[in-house]
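Q: With our numbering, you'll find the sequence shown wraps up at 441, consecutive numbering, no jumps.
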Amino acid sequence: MKARKYFDPEIETMARERLETLQLRRLKHQLRRCYRGSEFYRQKFEAAGLRPDDIRSLDDVIHLPFVTKDELREEQQAYPPFGRYTVAPPETWAELHPSTGTTGVPVNTIWSHEDVKHISNWTARTMWNFGVRPGDVVQNAFSYGLWIAGMSTHYATKELGCFVIPIGAAMTERQIDYLLNPGSTVLLCTPSYALHIAERLKQRGISPEDIPLRIGCFGGEGGAEVPATREKIEKGLGIEAFDYYGLSEIGPTIGSECPQKAGIHWVEDHLLIEIIHPETKKPCSPGEMGVLVMTHLTKEALPMIRYWTNDLAKLDKRKCNCGRTHARSLGGILGRADDMIIYKGAKFYPVQVEKVVRSFPELSDEFCIELTTDPESSTDVCTIIVECLKGEDIPKITPPLKHGLKEECLVTPELKCVSFGTLERTTFKAKRIIDKRERK
Ligand SMILES: [Zn+2]
2 MKARKYFDPE IETMARERLE TLQLRRLKHQ LRRCYRGSEF YRQKFEAAGL RPDDIRSLDD
62 VIHLPFVTKD ELREEQQAYP PFGRYTVAPP ETWAELHPST GTTGVPVNTI WSHEDVKHIS
122 NWTARTMWNF GVRPGDVVQN AFSYGLWIAG MSTHYATKEL GCFVIPIGAA MTERQIDYLL
182 NPGSTVLLCT PSYALHIAER LKQRGISPED IPLRIGCFGG EGGAEVPATR EKIEKGLGIE
242 AFDYYGLSEI GPTIGSECPQ KAGIHWVEDH LLIEIIHPET KKPCSPGEMG VLVMTHLTKE
302 ALPMIRYWTN DLAKLDKRKC NCGRTHARSL GGILGRADDM IIYKGAKFYP VQVEKVVRSF
362 PELSDEFCIE LTTDPESSTD VCTIIVECLK GEDIPKITPP LKHGLKEECL VTPELKCVSF
422 GTLERTTFKA KRIIDKRERK
């Protein structure tokens, strides 16, 4: 089994045409279930003048209305605690997973027992995708409990036949201890936590060659596909680093990179993926960046039809060099549609700042983007705050750093260099934008 290239060869290498036939069959079934079983969806479809049978091809999906997070929040407040889109009966429910609440009141999500089976299976597949094999020692530093990634990867280690250390996203010193003994071979956590672990490893005088860690996959926030960040994680931990993605409303670990590092492969037998232009709300052309919109093809308990993730990505449906046919998003998640910073007429995302900051070895991995109001002119001021490892380097790196930011973001933000250790470290998701503007 260990030598097998794919976890599920039939599904993963299925010809595109057959895969799309499977998707359409599952989509039709899902739409009928939602129309029949959910007042929320029935009202939405009726408002759009549609019945499930009107969707005859995958392209027809564009006629269906989007579902947004605000809408789910309002629905759950009006019909607590789960809204009127629980399509499967309560006796089939297995687990409750609310969203993290980083963008407001958490939205409740339910996994049925059948959903847990699917999630465990596709997570085993996405872990196999980046190289986890039976016998691996998996240090699972994704947060456990209500957050989705810790649980799904834990279940998957059972399917894969791995030895799991269910440490969760805490206790950095013990993370280091376990890397030494028993000697984890796989690390799962957020990219910012991986950098923090690498930083501590170095401070404790442990070389990456002294630990058996061989691969890591990093999700919960973007970054693993930013070249400079990937390089720092790989060098700092002595591993191959891959990108992972999931979100609570849709599901955990629904896409990971393969050894080609050619973008996140989606589990397309379970999800229909669209890339939609944020303003026109029309499908983007192949390769164009837009908002990731997802439809559950197999989710039983709380299915999402055209869920507007607000995450920006591109999509490539061409077969990958690894042989898998499931579509990929190159570069992973390229930003959040609502994290876009508009400054002096230019538009840019934190991921672009990250790309520049992490290409300077004189700087630490931490940075933040501070938005303030100039008291005299009442205009916005955008300041990039970075940490310089050695104070004496500040005058030397300021001009090239400013130049790099201007090239990438097409605007020159203010720059502030602080000493190493000033900015807050996180074990979970890093907060990169601090908005202190008087009027928002
Ligand atoms: Zn691939």
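Glycine is no exception: its CB is placed at the ideal position from the N, C-alpha and C atoms.
At what residue ranges does the stretch 361-432 contain a whole run of the alpha helix (DSSP H), taking only runs of 4 or more?
A: 395-410
Q: List the DSSP bridge partners of Cys190.
A: Looking at the DSSP assignment, Cys190 forms a beta bridge with Phe219.
Q: If we call anything under 8 Å between Cβ atoms a contact, is Gly136 one with Cys163?
A: yes
Q: Indicate whether Leu188 and Leu161 have their beta-carbon atoms separated by less than 8 Å.
A: No, the pair does not count as a contact, with Cβ atoms beyond the cut-off.
Q: What are the boundary residues of the beta strand (DSSP E) that Met128 is part of?
A: Here Met128 belongs to no beta strand (DSSP E); instead the alpha helix (DSSP H) covers 114-130.
Q: For a quick check, are the C-beta atoms of Thr310 and Val294 less than 8 Å apart?
A: yes
Q: Determine the closest residue to Glu250 out of Gln204, Glu210, Met305, Arg43, with distance taken between C-alpha atoms.
A: Answer by Cα proximity: Met305.
Q: Using DSSP with H/G/I as helix, E/B as strand and the rest coil, what is Ser39?
A: In the three-state DSSP reduction, Ser39 falls in the coil class, being neither helix nor strand.
Q: Looking only at its chain, what residues have a beta carbon closer than 8 Å to the beta carbon of Ile435, apart from the 5 residues adjacent to it on each side?
A: Spatial neighbours of Ile435 in its own chain (CB-CB distance under 8 Å, excluding positions within 5 residues in sequence) are listed in chain order as Cys369, Ile370, Glu371, Leu372.
Q: Please name the residue or residues paired with Asp137 in a DSSP beta bridge.
A: Asp137 pairs with nothing; no bridge assigned.
Q: Would you mind sorting Thr423 into buried or exposed? The rule is 16 or more other CB atoms within 10 Å of its CB.
A: exposed
Q: Anyone know if the C-beta pair for Ala338 and Pro376 falls short of 8 Å?
A: no
Q: Cutting at 7 Å between CB atoms, please list the residues of its own chain near Arg438, excluding the five before and the five after it.
A: Same-chain partners within the cutoff: Leu372, Thr373, Thr374, Asp381.
Q: Which runs of the alpha helix (DSSP H) fall wholly inside the stretch 139-182 and span at least 4 residues, in chain order?
A: 149-161, 173-181
Q: Can you give, in chain order, each stretch of the beta strand (DSSP E) that sits fully within the stretch 254-304 and has at least 3 residues?
A: 265-267, 272-277, 291-297
Q: Taking C-beta to C-beta, are Leu273 and Leu248 nearer than 8 Å?
A: no
Q: Taking buried to mean at least 16 other C-beta atoms within 10 Å of its own C-beta, is Ala49 buried or exposed?
A: exposed
Q: Can you tell which of Cys410, Arg325, Ile395, Ser378 has its C-alpha closest to the C-alpha of Met15?
A: Arg325
Q: What are the start and end residues of the beta strand (DSSP E) that includes Thr310?
A: 308-314
Q: Report yes if the C-beta of Arg438 is less than 7 Å from at least one heavy atom of ligand 1; otherwise report no.
A: no
Q: Within the chosen definition, does the stretch 88-104 reach the stretch 122-135 through at least 3 CB pairs nearer than 8 Å?
A: No, they do not touch.
Q: Here's the rule I'm using: 16 or more other beta-carbon atoms within 10 Å means buried, otherwise exposed. How should Ser257 be labelled?
A: buried
Q: For Tyr42, which of Val358, Tyr86, Glu75 has the nearest alpha-carbon?
A: Tyr86
Q: Which residues does DSSP list as the beta-bridge partners of Ala195?
A: Partner(s): none; Ala195 has no beta bridge.
Q: Using 8 Å as the threshold, is the C-beta distance between Tyr145 and Gly169 below it?
A: yes
Q: Return the chain-ordered list of same chain residues with a C-beta closer than 6 Å to the C-beta of Val1, the five sequence neighbours on each side being excluded.
A: A query on residue 1 cannot be resolved here, the shown segment of the chain reaching from 2 to 441 and no further.
Q: When the Cα of Leu411 is compared with those of Tyr350, Glu241, Asp312, which residue comes out closest?
A: Tyr350
Q: Based on DSSP bridge pairs, tell me the residues matched to Val68.
A: Tyr308
Q: Pull up the CB-CB distance for Tyr344 and Pro414, whole angstroms please, since I reckon it's below 8 Å.
A: 7 Å
Q: Quick one: measure Cβ to Cβ for Glu222 and Thr191, integer angstroms, because I've assumed they're closer than 8 Å.
A: 5 Å
Q: Note the first and the last residue of the continuous alpha helix (DSSP H) segment covering Gly237.
A: 228-238
Q: Which of the three DSSP states is assigned to Ile343 in this structure?
A: strand
Q: The alpha helix (DSSP H) with Glu11 in it runs from where to where?
A: 10-13
Q: Looking at Ala225 and ligand 1, is the gap between the Cβ and the nearest heavy atom below 7 Å?
A: No, the Cβ of Ala225 stays beyond 7 Å of every heavy atom of ligand 1.
Q: Just to confirm, is the Cβ distance from His119 to His271 under 8 Å?
A: yes
Q: Leaving aside the five residues before and after Ile12 along the sequence, list all residues of the same chain whose C-beta is less than 7 Å from its C-beta, in chain order.
A: Asp270
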